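Counting the sequence shown from 1 gives a position; our numbering is that position plus 398. For glycine and all other residues, C-beta sits at the position ideal for the given N, C-alpha and C. Note that the coordinates shown come from a computational prediction; the quantities given were computed from them, not determined experimentally. Below is one structure; the comments refer to it alone.
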Amino acid sequence: MQVENDLFASDNDRHYTNGVRLSYLTKAKPCPDDRKRCLSGILRRVTSIIPAFRDGEEHRISYSLGQNMYTPSDITVRELLPDDRPYAGWLYAGLGFVSRNTFEGRAARSYNRIDNLELNIGMVGPWSGAEFAQKNWHKLFNFRKPQGWSNQLHNEPGLVLIYERIWQFKKRPEILPHLEMEFAPNLGGALGNVYTHAAAGLRARIGVNLPDDYGPPRIRPSLPGSDYFSPGDRLGFYVSGGLEGRAVARNIFLDGNTFRSSHSVDKKHFVGDLQAGATLVAPRLGVVPPFRLSYTYIWRSKEFHGQDFGDRFGSINLSFNL
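This is the structure in C-alpha cells:
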C-alpha cells in the first residue's frame, strides 16, 4: 500500500496533494526457455515482442489500483483561478509485467537489469471520485473545506503505457563489511493522453542487510522503485536518495482535457524530482509476515509557468511478503 501527501512533508495543501495506490505482485516465475509455462494469453503475446522480456530469467505480473488528486494553491476560493493548475482527479487500474536478468562479471561489473512494462487505464474528472475523497477527508479531520471542485477537468477516459529499465549495481565496501551500497540508474517513459514523457534518473542506497529490492516504490510519474522485496533472516535497514528528470510532452493535469475545452496552464517541459528516505525491512515475526516500511521525502521542481515555488510531499509505503 502506498500513500503520498503534501501533509507528510510540509504544511502546504496544493498541486499534487494526495495519491493512493494498492498493488499486488505475483511471485517470481523462472522461465529461461519455455515461456508458455510462465505466461498465458495477451501478456505472453505482448511481452514477446520486446527482447528484454523475451530473454528475462524471472517474471512477475503486477496488478494495481490507484487515485491521484490535484488542486490549485488556494482551495478556499470557489471561482476559477486561471493562473493556477486545475482541479483534477485520476482513478486508474494497472496491469504490469516485470522482468529481471542477472549479468555476472567482476565486482561492480555484476548487475541486475529490471524491465517494467505497465498499462494504466482509468478516468480523469468527476468520475475519478477525487472531489468526494478530498471533501470527506477534510471534513473528517476538520481541515479547510475545498470550494473550487466545480472547476475541475471534465470526464475523460485515460490510458498510459509506461516502460522503465533499471540497472542495479551492488558493492560491499571492504572497510565496512556489514555495510552494502547500491547504485541504480534508470531510463523510461510514458505514452498516453494522461502522461507522455521521457525520463532518466539515478538512485543510491546504503544500509545494513540490504534487502533484495529496487528501492521503495512511488506513485508515477516518479523515480521507479519496486513493489517486490525479498527479506533476509535478519532485520534490514537502508537510507536512499535519488533524482530524476523528465521531458514532458503531455500532462493532462496541466494541459487540460484532450478532446474538449477546459481549464489549463502553460506547463514546463522539463521537470525534476529529488528524493531521500529510509526503509526498514523485517523478517517474519511470529504470525506477522515479512514486511517493508518506508518513508520518502520528495521535492518536485516547478511544473508550470507562473508557479511560485516547487512542491514538497511525502510518501509512505507498507508492503507484506505473503
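Secondary structure of I650 (DSSP, three-state): helix. DSSP, reduced to helix, strand and coil, places E455 outside both helices and strands of the structure shown, so it counts as coil. Residue environment: L720 is assigned as exposed (fewer than 16 neighbouring CB atoms within 10 Å of its CB, all protein chains considered).
Within a 10 Å sphere around the beta-carbon of E562 sit 16 or more other beta-carbons, which makes this residue buried. Put simply, of G464, A602, S699, L493 the residue whose alpha carbon is nearest the alpha carbon of V646 is S699. Your pair V496 and S460 checks out as a contact, with CB atoms roughly 6 Å apart and the cut at 8 Å. With at least 16 other beta carbons inside 10 angstroms of its own, Y485 counts as buried. Closest in alpha carbon position to S662, among G523, F668, D653, R542, is D653. A491 is not a Cβ neighbour of I473, given a cutoff of 8 Å. Residues G523, N655, R658, S660 of the same chain have their beta carbon placed closer than 7 Å to that of H552, with the five preceding and five following residues left out of the count. T500 sits away from T415, with the two beta carbons spaced by 8 Å or more. The residue among F635, F718, L493, T694 with its C-alpha nearest the C-alpha of V685 is F718. The DSSP-derived three-state label of S717 is strand.
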